[in-house]
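Chains as they are written, first to last, in my numbering: chain A, 1 to 133; chain B, 134 to 266. Glycine residues also receive a C-beta, built at the ideal position from the N, C-alpha and C atoms. These numbers come from a predicted model, not from an experiment. Working notes, structure below.
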DNA sequence: ATAAAAATAGGAATTATTCCTATTTTAAGG
DNA sequence: CCTTAAAATAGGAATAATTCCTATTTTTAT
């Protein structure tokens, strides 16, 4: 594993400090607050690299910018399609079996980095019911 | 269930015609090609509504705009964090059990609309190995 | 020590998404 | 069938998010 550049560490540290799924913009802000030289391009590049390296994952919602979260303990995200609320949860997915199944279907021995669930939360379910959407 | 507006159907039809995970822009293009009056705002609004209604799902990658796919048969998506390649796959997730687990953890009886996997495909794994990233 | 490869700064350029207002359409009630 | 309120839309401006570009710096490999 190649050593992280100063800037990549700055990005990772910013996420650690921010907590609660910051956006790229918020991360860039924190990075600058910490007097890192990292430019916006560098932040985006390193967010991608950190995702590839499984240090962080990206959380995408139906609205607003993408968000990022540390991979510090094994948890996943369930994201409401309607209101965008993100629920952290733990679950023991049978990763090995899923990987085998994928191997069979696509012929590749991929690595599984993350699961995410798109859901409808109670509040939104009720509201949609009421509005008959 | 409220009837779909003409425009919402136009958006859904555009996705059906396009196949292969079109972007909002591509969908808007197709919608216009089909002489729908739908504006861009309408396309985005209805993409969200169609996701909430489980007619389509959104696919988010590490780069490029979000993409959409029909929920026509039960399949999920595994997305390479590095190259963005999307693999369709079928898997029998134990939805009921996952839902129960979520109920216990977050106290809500959410609906699960979709699963998605963030992965590293073989090609990218090898390239990263080679480059020691 | 040196050359090649990779990463960065700085910010411009582009692209994606949201938002706004006036208008039109739909739903509900009498 | 009217009437009114709520919801959805058109059109496009405004905003926000992301990518891209060039010159420079840093790292890696030899």
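Going by alpha carbons, who is nearest to residue i out of the options?
{"i": "residue 59(A)", "options": "36(A), 95(A), 26(A), 116(A)", "result": "116(A)"}
{"i": "residue 200(B)", "options": "44(A), 61(A), 71(A)", "result": "61(A)"}
{"i": "residue 32(A)", "options": "106(A), 13(A), 49(A), 64(A)", "result": "13(A)"}
{"i": "residue 256(B)", "options": "142(B), 218(B), 239(B)", "result": "218(B)"}
{"i": "residue 229(B)", "options": "160(B), 242(B), 177(B)", "result": "242(B)"}
{"i": "residue 202(B)", "options": "159(B), 258(B), 137(B)", "result": "159(B)"}
{"i": "residue 113(A)", "options": "222(B), 187(B), 139(B), 213(B)", "result": "213(B)"}
{"i": "residue 3(A)", "options": "103(A), 50(A), 126(A)", "result": "50(A)"}
{"i": "residue 175(B)", "options": "209(B), 138(B), 156(B), 149(B)", "result": "138(B)"}
{"i": "residue 172(B)", "options": "140(B), 150(B), 220(B), 254(B)", "result": "140(B)"}
{"i": "residue 189(B)", "options": "204(B), 179(B), 196(B), 197(B)", "result": "204(B)"}
{"i": "residue 209(B)", "options": "120(A), 121(A), 101(A)", "result": "101(A)"}
{"i": "residue 259(B)", "options": "216(B), 227(B), 178(B)", "result": "216(B)"}
{"i": "residue 239(B)", "options": "121(A), 45(A), 103(A), 99(A)", "result": "121(A)"}
{"i": "residue 223(B)", "options": "54(A), 104(A), 45(A)", "result": "104(A)"}
Give a yes or no on whether 7 Å exceeds the smallest Cβ distance from residue i to chain A.
{"i": "residue 212(B)", "result": "no"}
{"i": "residue 241(B)", "result": "yes"}
{"i": "residue 216(B)", "result": "no"}
{"i": "residue 237(B)", "result": "no"}
{"i": "residue 219(B)", "result": "no"}
{"i": "residue 253(B)", "result": "yes"}
{"i": "residue 245(B)", "result": "yes"}
{"i": "residue 234(B)", "result": "yes"}
{"i": "residue 181(B)", "result": "yes"}
{"i": "residue 224(B)", "result": "yes"}
Look up residue i in the DSSP assignment and give the residues it is bridged to.
{"i": "residue 80(A)", "result": "119(A)"}
{"i": "residue 112(A)", "result": "252(B)"}
Cβ of residue i versus every heavy atom of the ligand NAP: is any distance shorter than 6 Å?
{"i": "residue 187(B)", "result": "Annotation note on the ligand NAP: not contained in the displayed structure, which lists no ligands."}
Return no unless some Cβ of chain B is closer than 7 Å to the Cβ of residue i.
{"i": "residue 5(A)", "result": "no"}
{"i": "residue 28(A)", "result": "no"}
{"i": "residue 60(A)", "result": "yes"}
{"i": "residue 56(A)", "result": "no"}
{"i": "residue 10(A)", "result": "no"}
{"i": "residue 116(A)", "result": "yes"}
{"i": "residue 15(A)", "result": "no"}
{"i": "residue 76(A)", "result": "no"}
{"i": "residue 68(A)", "result": "no"}
How is the alpha helix (DSSP H) around residue i delimited, first residue to last?
{"i": "residue 86(A)", "result": "Careful: residue 86(A) lies outside any alpha helix (DSSP H), inside the beta strand (DSSP E) at 86 to 89."}
{"i": "residue 143(B)", "result": "139 to 151"}
{"i": "residue 97(A)", "result": "95 to 106"}
Would you mind reading off the limits of the beta strand (DSSP E) that contains residue i?
{"i": "residue 202(B)", "result": "200 to 203"}
Which runs of the beta strand (DSSP E) spanning at least 3 residues fall entirely within the segment 29 to 60 of chain A, listed in chain order? 56 to 59
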